[in-house]
Amino acid sequence: MDDRIGRLRHKHHNIKPRSAAAQDGSNIKLLDCDLGIENHVTNIKSHSAAAQDGSNIKLIECGLDIENHITPEILDEIQNVGNVYRLSAPMGHVDSHAPVSSLVNCLEASHMEEPDIKMNKEMSGQGGAKDHESSKDSSKNVMPTDYFSKEPTCNSNVQKLACTIGDVLIVDDLFAARSVVDKLQGEYRHHVHACDTEVADIDVKKESPVGHGRVICFSIYCGPNTDFGNGKTCIWVDVMDSNAELLGVFKSYFEDPSIKKVWHNYSFDRHVLANHGITPAGLYADTMQLARLWHSGRKGTGGSYSLESLTSDIEAMNGVHKWDRKTLMKKTSMMDLFGTYKIKKDGTQGSIKFIPPVEELQTSEALRDKWICYSAGDALCTWRLWESLHGQLSKRHWIFQDKVQGSMYTFYDKYWRPFGELLVEMEGHGMLVDRPYLAEIEKVACKEREISIQRFRRWVGEHCCYANYINVTSDAQIRQLLFGGFYGVEMCRSFKVPNIDGYIEEGKKAPLKYRSINICGIGKKLPCDLFTSGGLPAVSMQALRNLAGKVSVDYLTADDEEPFIPGEADAILTSAGAQGSQKLDDLHQEDLSAYGQAYSAFGGGHEGKEACRAIAALCEVSAIDTLISGFIQPLQGGDIIGPDNRVHCSLNLNTETGRLSARRPNLQNQPALEKDRYKIRQAFVASSGNSLIVADYGQLELRLLAHLANCKSMLEAFKIGGDFHSRTAMNMYDNVKKAVDRGDVLLEWEPKEGEDVPPAPLLKDVFASERRKAKMLNFSIAYGKTARGLSKDWKVSLKDAQATVDLWYKDRHEVRDWQEMQKMNARSMHCVHTLLGRARHFPRVSGSEFMSGRIERAAINTPVQGSAADVAMLAMLELWRNKELKELGWKLLLQVHDEMILEGPSDNAPYAKDLVVKAMSHPFDGKNILRVDLAVEAKYAKNWYAAK
DNA sequence: GACGACAGCGCC
DNA sequence: AAAGGGCGCTGTCGTC
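For the first sequence, our numbering assigns the number 87 to the initial residue and increments by one for each residue that follows.
This is the structure in structure tokens:
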């Protein structure tokens, strides 16, 4: 216990006499955030006076409507004291789950530097030489709190490194290596060890460290109270070239599970070490994930989660001991240390910096010392960052189920540390991809794409002489063609395009690689109701569909080729059959309502139809294009395919809500079944003798919303089971309910033995539009979608949309109350919490009570999405730890938020599937503590498509 | 040629 | 003024 606790105790004594005066039963709670002690006080005035006398008390009012208990004058007084925080909740939610307890993290958080108000996305910029995980590591990036960055950059300023060469024990022979390992595994085995590697032969922007990258050196630091000779505390080991065998000496050390190792972005180092046959064990902490837990929203601050960025953030390093902070140095980026300007031909200094290859840094006589300091500094910085975040997270209460379960560091130990280990294993396994299949599919897709392009060009040719030059994947060119002359788009504009047929410009003798063409508007004012954020007419799929209508491109008339539908015969019947009949309708009935807005803009008739068909062809092109360039091609690319023919994406805990994200490639956005016209998911297969189990949660987020809001109607609907959206529709519309009550329609129907036709029509058929709306609302409401947005989507008036929204809330008022409460939390505490007690912090809006709608929507969505992420994580840990599944040979490969994919032997797949379902539906240490059941559906098959 | 902004789109 | 949360990736185009 440090003196901080002592001070707080003292404060607590100050309060006590006053709280004793609290007699009238009013329910105001005082919660000392740092200690979690609750008092009941009524005498607000004396309490606030206590605060004024210099003590640092936080008053929290919770579980009731504060205005009923405190007069405005008193409120003013309290708020003038400073350091007063309050939370109020609507009446009727006194007992609620998150509020009382989950304040604590908010209070901690409110002392932190707030992110910039803009919630702009971090671009996918990649960091230094080795940061596998995205970490903005730009040398241009100067953070507001970065007082180190005032130092001169570049050149040989070794002092500014975290350590000097004199601190570093350089290990480059067997004798030294063995003696160091002896100390690490002997004398210092109980220390916390920070480790870091430097890696060559990898392009972190493209390649996975699984199967790529070679360790050329590594560094270890295990605290200041060590001595590896002559007072040296840092270890740096050269394992390049002739020293490669030294790595083997450290194998037992890295694999020793009893030695507590801290890494910054463990995933990367672990995979690279695995390339050398070393399987690190003893993960004690990953400072990158600690930092995410500490504060999930650093994206907008100008910094991110790179070691450099975190160690230069005074708030992140706040937990470092005082004696250490004096000498605290941030990690300096490679660019600052080793970047040099290119010299142009004329001898002047260029403006582009470049960094020599890491091998050169390590071997160059001039740079080697600096390189060693840099590398050793990484371990040192990681250690200090761990120390700081450990200290800070240890002081934050972890509250789950209204009880303090420990600190947020406890949370890390219990969940995110093992989860981190699990994720790394999953990355290591990867998914097997059937590349020949993809190649086949690509041919067909390209052919279909070409047909649609020709269709479109044929039509364009009637309006523009450069039809063959137009780049159909250029938004700007399409916009120019369709909207030139209207909506603020100039009439004509020139574009630089590849000179495909050798056009020779005036005055030139030979054709140039590029030429410019002049694209003018088609001269008809097309209606436009979608615009980009920049105010220009949108040419997105949605916008083009509005113009084209539902007409589809008919390949048979365009070409003698049969349309290609890959896959099994039964699947063809379901998907192609439906589309086929749609086409026939269009042809035979001449249903003009199928044509979109372009029809009348072109005066109807043949012209109008042709315009619609052409724009539909363009839609087709863009749809096929995204499949080819986004999925089919990259999955075949050598960049991401490992030596084992498997794809090893990286799985990151880098989201605001605690969901996972996947990168290089993103396996979480593979086309879904309905839209997967080429069945890309069939390319993800199990290896020989194995199957995939794909297990899905049913309506996970909605179930959590029902739980969190304690919504009677929703809980009831889930309890009864069946089609949730149909039930929603029934509860929204009286006429639907009556029809159901009368037995005219069925809510849902499970065919029983000997039945093949339902005894009455189904709700989803009879009241299709009602159910569609209900379904849409079910998803939208949790995201905070407004009536305004719905009115746009549904093309109805704001009033009508609002009325429909109100219908949804009719029997779900608890949801509305709960959402209001989350918004209030966000407003007053600047944070909200998930089921497991993780916090998400929101930026303060300076000098104004105004809270942007975006923050409010995030506030109501985060507990839902984040809690679902918590449940998914718990489920994964259950699956991972399940002894039976392990013995049967099943491994987790991928998670797609509410879907788990495992691979294992086909012969026990049916049994394993049941184990998976059981584990997932009871993710809380084998139990389900929620107010709702967790529905899980699972299948097994040889590939991802078939198992869905 | 590299980089970043923008638009757009895939998933849950 | 805009008004659905959370991601990653690809393409184009302007700029340096």
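Quick reminder that beta carbons are idealized off the backbone N, C-alpha and C, glycines included.
Nothing here was measured: the structure is a model prediction, and the numbers come from that model.
Residue pairing by DSSP places G635 opposite Y681 in a beta bridge. If you draw a straight line from the Cα of G870 to the Cα of V296, it comes to about 40 Å.
Beta-bridge annotation (DSSP): Q981 is paired with M986. Contact check for N632 and G682: beta-carbon distance about 6 Å, within the 8 Å limit, so the pair qualifies. D327 is not bridged by DSSP to any residue.
Here the alpha carbon of L978 sits roughly 27 Å from the alpha carbon of D282. Scanning the segment 324-407 from its first residue to its last, the whole alpha helix (DSSP H) runs of 4-plus residues come out as 331-335, 337-341, 352-360, 373-380, 393-397. Out of C532, I302, G1012, G463, the CA that lies nearest to the CA of S715 is found in C532. Annotated as proximal: A998 and I779, with beta-carbon spacing under 8 Å. DSSP places L778 inside the beta strand (DSSP E), whose first and last residues are 776-783. Under the 10 Å beta carbon count, L598 is surrounded by fewer than 16 other beta carbons and is classified as exposed.
Just measuring C-alpha positions, the residue of D253, T618, M326, H276 sitting nearest F314 is D253. The C-beta of P343 has fewer than 16 other C-beta atoms within 10 Å across all chains shown, which makes the residue exposed. Straight through space, the alpha carbons of Y495 and I306 are spaced by roughly 23 Å. From the listed residues W484, V358, G368, I364, the smallest Cα separation to H279 is found for G368. Counted as a single uninterrupted DSSP element, the alpha helix (DSSP H) harbouring G514 occupies residues 503-515. In terms of Cα proximity to I400, the closest of L466, L471, Y339 is L471. Inclusion of G728 and G990 in the CB contact set at 8 Å is not warranted, their separation being larger than that value. For N554, there is no enclosing beta strand (DSSP E), as DSSP gives it neither H nor E. Approximately 6 Å separates the beta-carbon atoms of L475 and A377; this is inside 8 Å, confirming the contact. Judged by DSSP secondary structure, C303 falls within the beta strand (DSSP E) whose first and last residues are 300-307.
In the three-state DSSP reduction, E839 falls in the coil class, being neither helix nor strand. Inter-residue distance for N994 and G775 is about 11 Å (C-alpha atoms, whole angstroms). Every beta strand (DSSP E) of 3 residues or more that sits fully in the segment 553-603 is shown, in chain order, as 578-584. The count of Cβ pairs closer than 8 Å, one atom from the segment 838-845 and one from the segment 915-925, stays below three, leaving the stretches out of contact. The segment 694-706 and the segment 883-894 do not touch, with fewer than three beta-carbon pairs separated by less than 8 Å. The shortest C-alpha to C-alpha distance from E836 to any of D809, L393, Q719, D820 is the one to D809. Nearest Cα to Q628 within the set G620, C614, G621: C614.
In the three-state scheme derived from DSSP, where H, G and I count as helix and E and B as strand, H916 is classed as coil.
R940 sits exposed, since fewer than 16 C-beta atoms from the chains shown fall within 10 Å of its C-beta. Looking at the DSSP output, P991 sits in a beta bridge with N776. As computed with DSSP, V490 is found in a beta bridge with I485. Counting along the chain, I806 sits inside no beta strand (DSSP E); it lies in the alpha helix (DSSP H) bounded by residues 798-806.
Taking a cut-off of 8 Å on C-beta distances, the segment 718-738 does not touch the segment 583-591, as fewer than three cross pairs fall below it.
In terms of Cβ geometry, A769 and L524 form a close pair [threshold 8 Å]. Contact annotation, A286 with E445: C-beta distance approximately 5 Å; criterion of less than 8 Å satisfied.
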